Amino acid sequence: MTTRFQAPAGHDAAAVTRALAEGDCGEVAGDAGRRAQYSADASNYRQVPLCVVFPRERRHVLNAIAVCRRLKVPITARGAGTSTSGQAVGAGVVLDFSRHFNRLVALDPAARTATVEPGIVLDDLQRAAAGHGLLFGADPSTHSRCTLGGMIGNNACGTHSLAWGRTADNVVELEVVTYRGTVVRLGAMTPEEVEAAVLADDDRGRLIGALHRLARANLETLRTELGRFPRQVSGYGLEHLLPEHRFDLAKAFVGSEGTLAVVLSATVRLVTPPPARALVVLGFEDAYAAADAVVPLLEHRPLALEGLDQALTDVITRPETREAVDSLPAGRAWLFAELGGDPEGLPERARALAGAAAGAAGFTGSQVVGDPGRARRLWRIREDGAGLATRRPDGSEAWPGWEDSAVPPARLGSYLRELGPLMERHGLTGALYGHFGEGCLHVRIDFDFATAEGTAVFRAFTTDAARLVAEHGGSLSGEHGDGRARSELLPLMYGPEVMALFAAYKDAWDPDNGLNPGIIVRPVPVDGNLRVSPLRKELPLSTVFAYAADGGDFAKATRRCVGVGKCRDAEPGGAVMCPSYRVTRDEKDSTRGRARLLYEMTQGEVIADGWRSKEVRDVLDLCLSCKGCSVDCPVGVDVATYKSEFLHHHYKGRLRPVSHYTMGWLPALSRWTARLRLRGVVNAVTSSRLAPLVKRVGGIAEQRELPRFAEQTFLAWFREREPGGDGHRGPVMLWVDSFNNHFTPEVLKAGVAVLEAAGFAVRVPDGTQCCGLTWITTGQLGTARRVARRGVAALAPAVRAGVPVVGLEPSCTAALRTDLPELLGGDAEVRAVAAATVTLAELLGGRAADWRPPRIGGTSISQTHCHQHASSGFGADAELLARMGIDNTVLKSGCCGLAGNFGFERAHYEVSVAAGEEVLLPAVRAASVETRVLADGFSCRTQIRQGTGRGGTHLAQLIADALPGSEAV
């Protein structure tokens, strides 16, 4: 039976929060929302903290520790919260260093060292080091958000530890503070330095003396039991206390998982990367054969040697990544070998490595990947493994729990051959991947935590697996640490003498057991405080959206978020997720923070008022509904849909924010404005001295210019005109979206011109239709369903006749393809419309491939609408632009920041503009006059125009303007 551990009795969250707030500890938060956000990390575990502290400077850390010590409250130090073993959650006070205490203190290129605060993100350090031709060697797959403090806590390794070592191998010096407030600077020490410290007889000297005596009394154990192979990360790294290792207290501290002291600063070693790299992909019949091939390949000195099996690649659906997967060598498992060195010698070395692999049993083929773009896409599969592997192709869930075992590389094949049958005996399956070159294996397994029987299987399997890895001379953890997931199992790997040594080491540092108690020594049960537990009964919550991929279960949908934290990437880099987090750098504004709060809402404990929760409402407020997370999150968390669902129930029967009425109902208001011929009157009022009052009453930001109605709607124009072209390719149904119809009909007119020039006979749906998106994003789902059903009914006859539907507004096209099937339950008619809906570029590339678009030439920059990014991508557009001879640069800008109604709302203006100012608006300002600015989205063009004074051009307009006779268009 699973057990639950709570904070020590007598601690009141409000009282602890108040004491910390009064103690000059930085930003302190004890509200239910914050506590819910920090109740989990990337592991299977859940502990609701008393409060969360965000220190801004050194004194805040010292003061917070002093307050906690006085109150006898335990402390858990946290970086990005990407721990898969449960070290970053605790029932006391959580110190989050990532928000403010994250500076680069110094970088010395000559000494090749950097000094950092613990909250600095690895990629931020890497960018600073790269300016000097250097890098930090350890590079876990979470490099875009993990912090150096977290890496030090876990002894993180990553893909290139084969070449540059673990975090412990790259730490020079640490400054730490104990629970009792003693500040100690750690590093290698000579016997003379140890003696001088002991003679000082202060707190620091007494600590160093105790550690030195402990090491001297256990030399044989340290030499024979610890440090046997590089990925032996479980337990404490006490082998670094040996005299031959210079009694290195800094390296011995690394991997202590926050149980000994709190890091104040770290000085780390930097390395020089090779001038060039080459990726060799090797195919094998199965993961066993791939594992057997590892040792001979190590003779070729690869920088990295990573493995993955087909169970991982089978879950990939994103077209561009799927294309990369499908081009891999035949096989059911692969090794990715990266070589580094001079560019002249790399091809020969790559051929030699492939040749060596060819002699291995089960080898199926090899490829040397020369295209950097394809290499990045392949590496992305490996980097996203922790997220990808959490959902199976059939939608079932998989979890960490045995995701980090390691054995000497020569034993990896035999270990895998026994691990597979062990999983089968327990009725379990999993997707394998990992650092095969160092014998470190990651696997996500389909544990059933929702039942007592499934939880018992989890405990039994992990116990048997621990015995198995010990039989193979391995380590329970190869880089993620023991945490709550494996600490209880350490006696199966280490004998009583080693475990007693670990306990003595912990007690020398932290005799009060105030730092991350229950980790490594005196452990909590492996099945204690599970995030998904049969002991908690979820609230009965009915939903409007279908959540088909999650079996109609809203709680299951929200727990797609397993905490890998990719949404905390602060650099766009081609992804959209998560624009609000990149502006605020606050966990509550990340995809993970929102999903966590929604999940806690379904549990009814910390967030107890269900759909009426103000905490959930507030945390969703800055969600732009950009849909980026639905594709950029490795597990497909879709906060935009969750937000719509929540707003629907939250405001049901209650007064809504005024913007929900003014902008949520904009399509209907626009239709009535056109029908009553009030366009001129409305335009006059919104551009007069009354405009500020209109904005204030309508909940619209005063800085925003209101869109002007066109003199004539597109539909009025279209229904008066004579068709053009010969229509030899047959009919196409043009979806007339509300925005372009009423505000920028020239876009739809250009679309007609292009479609007719390409040989299509253009039709439009009867009446005035709408996809319902504005009602969806504002959570008015009853109205949205009625509007959407009318739109589907208007398209259905043409779709049944095989007529494609082409959309020019990306958000509406995406709604037809993805939102409406979920909103309307996915009946056959809705699915048919979704399948028939394409973008202009997709239609021209798929149904008019022989049509020659006008040769335009020149350069352009393009802003991909975030909904297009989420639903279809920019691939078809890029191909079409290339056919027209245009040298286009796709901006790595993410969401434009306007995002429909979001950027017009008064409370969101600053975040909206800040999101645009990250990449998009500066890029437009910097573009030459001759460079075209392409933006298909109405919101994107509006943000560009209002932010730069320069107009954006729709792809249809670009083509139409170059057609013969375009003056008449």
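In my numbering, the protein residues as written are 214 to 1182.
Here a beta-carbon is modelled for each residue, glycine too, at the ideal position from N, C-alpha and C.
It should be emphasised that the depicted structure is a prediction, and the values quoted were computed from it without experimental measurement.
Query	Result
Could you check which residue in A279, R892, G378 and V384 has the C-alpha nearest to that of V390?	A279
Please work out which residues of its chain come closer than 6 Å, Cβ to Cβ, to N276, disregarding the five sequence neighbours upstream and downstream, and give them in chain order.	G236, D237 and C238
With burial defined as no fewer than 16 other Cβ atoms inside 10 Å of the residue's Cβ, what is the status of K285: buried or exposed?	exposed
Mark K856 as exposed unless 16 or more other C-beta atoms lie within 10 angstroms of its C-beta, in which case mark it buried.	buried
State the Cα-Cα distance for the pair H224 and N367, rounded to the nearest angstrom.	29 Å
Counting beta carbon pairs with one atom in the segment 695 to 710 and one in the segment 673 to 684, are three or more of them shorter than 8 Å?	yes
Going by DSSP, what residue range makes up the alpha helix (DSSP H) through N276?	R271 to L284
Just verifying my parser: in three-state terms, what is the DSSP assignment at L518?	strand
Can A1009 and E1035 be called in contact, C-beta distance under 8 Å?	no
Excluding sequence positions up to five away, which residues of its chain have a Cβ less than 8 Å from the Cβ of E818?	V261 and R749
If we ignore side chains and look at the alpha-carbon of each, how far apart do N257 and L483 end up?	34 Å
Identify which residue in V844, R795 and L868 has its Cα closest to the Cα of L835.	R795
Over the uninterrupted beta strand (DSSP E) stretch that includes I658, give me the two end residues.	C653 to I658
Taking the alpha carbon of R1096 as the point to measure from, which residue in L435, S1106, W1064 and L1056 has its own alpha carbon closest?	W1064
Please specify which runs of the beta strand (DSSP E), each continuous and at least 3 residues long, are wholly inside the segment 994 to 1041, giving them in chain order.	1018 to 1020
In this structure, how does DSSP classify M790 when only helix, strand and coil are distinguished?	coil
Determine, using beta-carbon pairs with one atom in the segment 1152 to 1163 and one in the segment 965 to 980, whether at least three such pairs fall under 8 Å.	no
Considering Cα atoms alone, identify which of A966, L320, C983 and V777 is closest to E935.	A966
Thinking just about the alpha-carbon of each residue, which of G578, L714, L994 and L454 is nearest to the one in F758?	L994
Determine, using beta carbons only, whether S579 and L495 come nearer to each other than 8 Å.	yes
May I ask you to report which of helix, strand or coil DSSP gives G578?	strand
If N954 and T926 are in contact, beta carbons under 8 Å, what's the gap, nearest whole angstrom?	5 Å
Taking C-beta to C-beta, are A465 and L454 nearer than 8 Å?	yes
Look at G647 and G727 and say whether their C-beta atoms are less than 8 Å apart.	no
Run through DSSP, which three-state label would Q1159 get?	helix
Please state the DSSP three-state secondary structure of R545.	coil
Since T944 is in the alpha helix (DSSP H), which residue starts that stretch and which ends it?	Looking at the sequence provided, one finds Pro at residue 944 rather than Thr. Where P944 is concerned, there is no enclosing alpha helix (DSSP H), although the beta strand (DSSP E) it sits in stretches over G943 to W948.
Assuming I1074 is part of the beta strand (DSSP E), what are its boundary residues?	T1072 to Q1076
Taking all protein chains shown into account, decide if R999 is buried (16 or more other Cβ within 10 angstroms of its Cβ) or exposed.	exposed
Counting Cβ pairs closer than 8 Å, one from the segment 611 to 621 and one from the segment 556 to 573, do we hit at least three?	no
When burial is assigned at 16 or more other CB atoms within 10 Å of the CB, is Q916 buried or exposed?	exposed
Would you check if the segment 490 to 507 and the segment 550 to 558 touch, i.e. whether three or more CB-CB distances between them fall below 8 Å?	yes
Per DSSP, what kind of secondary structure is N368 in: helix, strand or coil?	coil
Return the CA-CA distance between E498 and G575, expressed in angstroms with no decimal places.	5 Å
Tell me the DSSP secondary structure of M214 in three-state form.	In this prediction, M214 has a pLDDT of 35, which is less than 50 and means its spatial position is unreliable; nothing more can be read from the coordinates.
Tell me which residue opens and which closes the alpha helix (DSSP H) that R1138 is part of.	L1133 to A1139
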